[in-house]
Each structure stands twice: as structure tokens, then as C-alpha cells.
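To keep things clear, I will list the structure first and then write my remarks on it.
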Amino acid sequence: MGKIVVVAEKPSVGRDIARVIGCRTSGDGCLIGDQYIVTWAVGHLVTLMEPDEMDEHLKKWTFDTLPILPEEIPLKVISATKSQYSKVKKLICDKETDSLICATDAGREGELIFRYIYEKSGCKKPFDRLWISSMTDEAIREGFRQIRPGSDYDGLYESARCRSKADWLVGMNASRAFTLRYKALLSVGRVQTPTLAILVKRRKEIENFKPEGFCTVTADFGDYRGIWFSEELDPDTHLKTKAEADAIAGAVKGKEGRVVQAETVRKHELPPQLYDLTSLQRDANRMLGFTADKTLKTAQSLYETHKALTYPRTDSRYLPPDMIPRVVQTMKMLPEGYQKFVPGALRDGKLPVSKRTIDASKVTDHHAIIPTAKKPDMSKFSEDERKLYDMVARRLLAAFYPACDYDATKIITEVGEHRFRTNGKVIVVNGWHDIPPLENPPKARKKAKGEEEEEGPLPPLNEGDTRIVRDAAVKEDKTKPPAPHTDASLLAAMETAGKELDDEELAKQMKGSGIGTPATRAAIIERLLKVGYAARKGKTLQATDKGVLLIDIMPAEIASPEMTGRWELALHDITDGKQDAGRFMDGIRRMSSFLVDYARNASSAVVFPEDERRKRTGGKGRQGGFSAAVLEGTTCPVCGKGKMQESPRAFSCTEASCRCTLWKDCLTRGGGPVLTEKLIRLLLEKKQLAGSTGTVMIREGNILFYPQGNEAPSVNRSMIYQK
């Protein structure tokens, strides 16, 4: 009987699986047992080819070769991990191998890693799928007992492949087209560009914000205070002028006030939901100062290395009903410091079930992030790992605690024609607040616009009670601009990017997936930082000048959350077999063609910073921008230092600090010729040329055209830049 080869995503996971299923003999890039051989990838071993690897004519970046729309994009082996690919290929294609098990991460990207290897190797052997949400020994054994046919995940693979090809088509075409148009190496992406647009929008909101002064009036009634309000204002406590506020304060001071409304309502603050990856990243940023990327890496280490957390790359905040016994066991196995809180969660020894925590219909590929039932050795945790584990453990307990009950009191006091509002709050049952906050609790929430402070316990008041206004204070303030984004707020914006959309189904999908997925959002943010479109300033994330310029030249179709939402919805439907992959890819090709045409015809009035323009001749192909041929023997007519060089659509100066650019078609609108190398050389030498359609001349770095019979030159200055 032949062997079964198990392919894991990385060596550490492969070794854990091998230990559990009895593969103890070391081989070449694998571990061997009686029935199984476990091997592993190192992340992606196979990827899509670059354009110039498909056709060497695509090496030079030029509009003549755009759009690039191959029906199929061939696969290639990644050179850095070619050795491991060869080992995996040898094992899965070996005649002694009967079948395979895909044991890569249980998600879209993990599926793609295995399927690309399988396809590139030419392997045709049957394979099954290991799908687990925890790396504990018991979870691995249970996963092998419930192994499923690989074909059950064909929809997931189709979705993953479409996502990969869509990113390639949009990125390759748009990045090349806009780089060519604006003479700067620009990176445009299906997901990163809408994310950048969120940062740019916030930056512009802050820059364009004009603060407005306002005043509030607070009356002191002795044993409580109240803030003046009028329902005719928005916010209802803000007065526009100090004169108005002073007049109100003067009118009520020393006067008698009468309580016209006194009501107390019992309210319930429900416990927080369990964590998915995005909510964990947001809270870790807010409470611990972790970046999204740091949280993901720390959670991944707790999952893979310590087996202390379940699978972190999940978008679900729920557990299936069949996990109830396991959750009870997990709580009992939490470290000693948490055991005093367990009775509050396991009331009468049982786990309280509610739709906020237990709901099979809302569990996607993986359930919420919780600790595993394995008792962790926290002495082996790093400081960051300990803090993150603490967050998840506390959240598990809090999610099953009772609600916090409190009495909310609202008092309205009339003083003459003026009304003052007082809010009070008294905790009746602490509920989940019995679990103390983290060691580094977040700062108190800032009050919303127009929101007044709650007074805490208020004296017993009834309608008709009276008080004398002992004092009335006027406070001057100004409206504040929106705060710059942090990792937490940007993740929230990415997750709920559809909240402003009219399409209800699309908005629902955006709230679930939004821009990117929980597994990719941290990488998207890091990508924006890497390419210089965003920068960290203290704890905030802000769009750079380069990022603002990029969004300014982008069409709404590529920068809006709606586009990303529709694509993400389509990818989900492909996974579920509700949409045809071919139809989706046709739409992607149309979008890629549109972006190329848009860039080709776009205004060139935007000039990117000099360091970005300098990159345009820094190398070949994608990494260095497009190549430009230097016209030897020429001198720039503007700076007099550089030489002229030719790119697909223009002639420009080789000096990065010089803005001299002569677009080849800049005279055609006036009936003049297209500029060629020969014409440019003659113009630089003679300064003026006469032809059948008119006269062309260079004057002070500008190119001018006199149509035949015209006395005044026709200058297309919008197409010219000069220092």
C-alpha cells in the first residue's frame, strides 16, 4: 500500500502534524511515518508569472502593449523557494504516493498555496482536505477523523484563483498605465487604493476643517447640575455667540427652577462579543498600542507555536453549538489567575447560551478566536503574547457573563423660558464589568458632539420639585476636526466601508468583509506604508502627499469602497457556487481596460515629487519603472544642464529636479505635428521650423505652434511643465 503525502503550509505546522500522526523519521524536506509523509511549503512556492516572463516584448513599459489581458496567466516557481518546491513535487508525484492531504491554512489563501503547487507540478492524484481551527493535538486528531474530499473546496479555490488573477490584472495594467502617464513609479491595487482613499478623505477633512466657536451654559441647582439645551439647535447645547450664552446665564442665575420631567429607566449593557481578527486588532491597537500587523503576528504565534489560541484569521465572532462542551473545558483550563471569574460565566456549572455567542449560521470558515483547551505555560510567552492572550481570555469570560444593569435617569429643569438637561446613571448589577479591565485600560471614551457628562447618582427628584439656580457658568469652546486615523479606526472603516452605500445587500456584505478580509487588512496597511502612500505619525496613520496625489488622479471606480465590495461579494458567491468565475473575470478585464484608457487620456497637470520622477529610469520592468532613451548630444532648453530623453509619450529632461516635459501630442489639437526624435533634435538646434501645416518653435522652454496663416502662436501650456 502506498503512502499518503500531507502538505502543510509551513515547517512548524508540518512538524506538529507529523508528531501527532506518528511521522518521526526525517527525510529530505519531510517527516516519514508508516502511513503518512508530511512535507511543507514555506508560504507560497508558486505564483503568477510577470508580464515579461510571458512575453519579452512586455518588458518595456509602453501604452502600445496595454492593456495586458491574457486569457490564462501561467504559473511559475518562486526562485527563492525553488529547492523546497522541488522536494514537495518529488513527493506528491512519486509513484509510491497514492493520495494527498491538503493541510495548508484553512482559508482562501491557504487553499491557493496548495492548489498552485498541485497544478504547477502536474500532479493528478486524488487529495483530501484537513480543515482545523486549532493546532492542539486533539484538534489535529479530530481533523484527520473528519477529513473531507478536496473537491468540497473547489469553490474556495476558484474564488482564490479569481482573487489572485484580479489583483494581477488590475495591478499590472493600472500601475503601468498611471506610471507612464505621470512619469513616476506608481502602485495601484484593487484593494490598497480604496484603503488609501479612506486615509486621503480623512486628511482632506482635517485640512479643510474650519473650527467654529460655540458656548454652553451649565446651571448649578445645588445638589445637581444641568446643561442648557434647545431642540431648535444642532447640537442642541451649542450657542453660537458668547453674548447669547451670557444673556441666558444672567437670566437664570438666582432664579427658581422647576423639575418638569424626571424619569428613570432600567437599561442593560450587553456583554461584548467574542473576537474575530479585526475586532482583536482594533482593541489591541486601542488598549495596547499594537499595530494591526503586530497583533496578527502575535496571534499567529500563540496559535502555531504555543497552541494557546484558536485560528486567528477568522471573520466570525460566534461559536457553533457543538463547541459548548469544549468551551466549558477551556474555561476550566485557563490559568489560575482567571479561575476566580469562571463561576460567573459558568452559572450553575453550565454555559449560558445566547445568539450573541452561539450561532451556527454565523460561523464562516472558522469560529471566533478563543483560548484552546490546552493549559498554557505563560512563562514561555513573550510580553506581547501574554498581553494578547490576556485580552482573548478575558473576552471569552466576559462574553458569557450577565449584562450590566443600570438605571438611567433623565431630569429636565425649567427656569423661566430656559430648559436644562441632567443625565444620571446608577449601576445596579455589575455583570460582565466584574471582570477587571486590562493592565493598560483604554482612556475614557471622548464624548460625542454635543454630548454632556453623566452625573452619576442623582438626588431623588420628582416632577414639580424646585431648586434655586446658585450659579450659571458659560464655557467657550471650538468645534474639533475629525481625528486622524489609527490602526483601530482604519480597520473599522475598512470593515464597514459599505455603511454609506445605498445598496442594502452590498452594505451588508461590506460590513462582513468590506475592503480586504481579516487575513489581509494588516498587510494592506503595511503595503501603503512601504510604498510611501501612508506614514505613521505617533499613533496615527496619515496619507502622505504622494498618497493624496495618487487618489486625486484615480477614477472613482478604483478608489471607491463600492467597487471593492462588489468584487468581494462576487468572490463569496463564487465560493458558494452562486456566480460563474468567467463572468467575474470578464468584469475584471473590462475594468483593467477602462483604467488603461482613463490613464491614457487623463490630464497630466499633476506632477509627482522629484524623487518619484527620478525612479522612472531607475531600472527595468516593474521594479524600476519604464525605460527612457537618452537623446545624446542634446541639452535641455529649460535648465541647460540635463539632456533630453524619450519615453513612450513624451520627451523630458534627465535632471530629476527639472520639470521640462514636451508631450508628443501637445501640438496635435491645434493642427500641428506629433513630436518625434528628429523634430525635437532639429528644434533644439534651430529653435524654429516651418512646415506645410505651420511653424513650430521652442521659446524659453515652451513649445509653440503657428498654424499656417496665423500670426499668433498657439501654445498648449497645459501639456508643458517647466521649472
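Residue numbers (the working numbering): 132 to 854.
C-beta atoms are modelled at their ideal positions from N, C-alpha and C, and glycine is treated no differently.
Exercise. I168 to I232, Cα distance in whole Å?
Worked result: The alpha-carbon atoms of I168 and I232 are separated by roughly 10 Å.
Exercise. Considering only the beta carbon of each residue, do C254 and C224 sit closer than 8 Å?
Worked result: C224 sits close to C254, with the two beta carbons spaced by under 8 Å.
Exercise. In this structure, does DSSP put F782 in helix, strand or coil?
Worked result: Looking at F782 - three-state DSSP - the assignment turns out to be strand.
Exercise. Quick one, which of A674, D236, A653 has its alpha-carbon nearest E435's?
Worked result: Checking every option, the nearest Cα to that of E435 belongs to D236.
Problem set entry | Cβ contact check for the stretch 342-358 and the stretch 594-602: 3 or more pairs under 8 Å | Yes: the two stretches touch, three or more of their Cβ pairs being nearer than 8 Å.
Exercise. Hey, out of L197, D367, D407, W262, whose CA is closest to R307's CA?
Worked result: Measuring from the Cα of R307, the nearest candidate turns out to be L197.
For this session: Indicate whether the contact test is met: 3 or more Cβ pairs, each with one atom in the stretch 461-479 and one in the stretch 503-513, closer than 8 Å.
Result: Short answer: they touch.
For this session: Count the C-beta pairs between the stretch 340-349 and the stretch 313-321 that are closer than 8 Å, then say yes if the count reaches three, no if not.
Result: As far as the Cβ criterion goes, the stretch 340-349 does not touch the stretch 313-321, which means the pair count is below three.
Exercise. Near P443, what residues of its chain come up, given a Cβ to Cβ distance below 8 Å and the 5 sequence neighbours on each side ignored?
Worked result: Once the five neighbours on either side are set aside, the close Cβ partners of P443 are L408, L411, L427, A430, Q431, L433, Y434, I500.
Problem set entry | CA nearest to the CA of E808, picked from A378, G773, G764 | Scanning A378, G773, G764 for the CA closest to the CA of E808 turns up G764.
Exercise. Is it a yes or a no for the stretch 372-388 touching the stretch 609-619, going by three-plus beta-carbon pairs under 8 Å?
Worked result: Output reads no: the stretch 609-619 does not touch the stretch 372-388.
For this session: Rounded to whole angstroms, what's the CA-CA distance from R658 to E240? Just pull it up for me.
Result: For R658 and E240, the distance between alpha carbons rounds to 18 Å.
Problem set entry | Rounded straight-line distance, which links the Cα of A733 to that of T193 | Just so you know, the alpha carbons of T193 and A733 end up roughly 16 Å apart.
Exercise. What residue range is occupied by the uninterrupted alpha helix (DSSP H) comprising F531?
Worked result: For F531, no alpha helix (DSSP H) segment is defined, and its DSSP state is neither H nor E.
Exercise. In chain order, what residues of the same chain have a beta carbon less than 7 Å from the beta carbon of R413, not counting five sequence neighbours either side?
Worked result: If we look at R413 and ignore the five residues flanking it on each side, its Cβ neighbours are A619, L622, A623.
Problem set entry | Proximal residues to R721 (C-beta, below 6 Å), its chain only, five neighbours per side dropped | Within the same chain, R721 has no close Cβ partners at all.
Exercise. For T156, which of helix, strand or coil comes out of DSSP?
Worked result: Three-state result, T156: strand.
For this session: Return yes when the Cβ of K817 is within less than 8 Å of the Cβ of V805, no when it is not.
Result: No, Cβ-Cβ distance for V805 and K817 is not below 8 Å.
Exercise. Which whole-angstrom value is the C-beta distance of I152 and G164, which I expect to be below 8 Å?
Worked result: Correct: roughly 6 Å between the Cβ atoms.
Exercise. Is I135 helix, strand or coil by DSSP?
Worked result: DSSP places I135 in strand when its eight states are reduced to three.
Exercise. Looking at the unbroken alpha helix (DSSP H) that takes in R721, where does it start and where does it end?
Worked result: Looking at the DSSP string, the run of the alpha helix (DSSP H) that includes R721 is 712-732.
Problem set entry | Host alpha helix (DSSP H) of V383 (start-end) | Per DSSP, V383 is one residue of the alpha helix (DSSP H) stretching across 373-383.
Problem set entry | Residue span of the alpha helix (DSSP H) that contains E250, given as start and end | From DSSP, the alpha helix (DSSP H) with E250 extends over 239-252.
Exercise. By DSSP, does G581 sit in helix, in strand, or in coil?
Worked result: Legend: pLDDT at G581 = 44, less than 50; position of this residue unreliable, value from coordinates given subsequently. When secondary structure is reduced to three states using DSSP, G581 falls in the coil class, being assigned neither helix nor strand.
Problem set entry | Under 8 Å between C-beta atoms of I558 and L589 | No, these two residues do not count as a Cβ contact at 8 Å.
Exercise. If G160 sits next to Q215, beta carbons under 8 Å apart, how far is it from one beta carbon to the other, in whole angstroms?
Worked result: The C-beta distance from G160 to Q215 rounds to 6 Å, short enough to fall under 8 Å.
For this session: Please say whether I656 and A297 have beta carbons closer to each other than 8 Å?
Result: No, these two residues do not count as a Cβ contact at 8 Å.
Problem set entry | Whole-angstrom distance between L179 and P201, CA atom to CA atom | Across the structure, P201 and L179 are spaced so that their CA atoms are roughly 12 Å apart.
For this session: Output the residue ranges of the alpha helix (DSSP H) runs that lie fully inside the stretch 341-423 and measure 4 residues or longer, sorted by chain position.
Result: If only uninterrupted alpha helix (DSSP H) runs of at least 4 residues are considered, those enclosed by the stretch 341-423 are 373-383, 408-419.
Exercise. Just checking my contact of V136 with T228 at CB under 8 Å: how many whole Å lie between their CB atoms?
Worked result: Indeed they touch by this definition, with Cβ atoms about 5 Å apart.
For this session: Can you have a look at T156 and say buried or exposed, based on whether 16 or more other CB atoms are within 10 angstroms of its CB?
Result: Exposed, since its Cβ has fewer than 16 Cβ neighbours within 10 Å.
For this session: Count the C-beta pairs between the stretch 362-382 and the stretch 521-539 that are closer than 8 Å, then say yes if the count reaches three, no if not.
Result: At 8 Å Cβ cutoff, the stretches do not touch.
For this session: Pick helix, strand or coil for R150, following the three-state DSSP scheme.
Result: R150: helix per DSSP, three-state reduction.
Exercise. Would you say P451 and H498 are within 8 Å of each other, going by their C-beta atoms?
Worked result: The beta carbons of P451 and H498 sit closer together than 8 Å.
For this session: With DSSP as the reference, label Q277 as helix, strand or coil.
Result: Coil.
Exercise. From this set, D728, V769, F739, V827, which residue's C-alpha is nearest D195's C-alpha?
Worked result: With distances taken between CA atoms, D195 lies nearest to D728 out of D728, V769, F739, V827.
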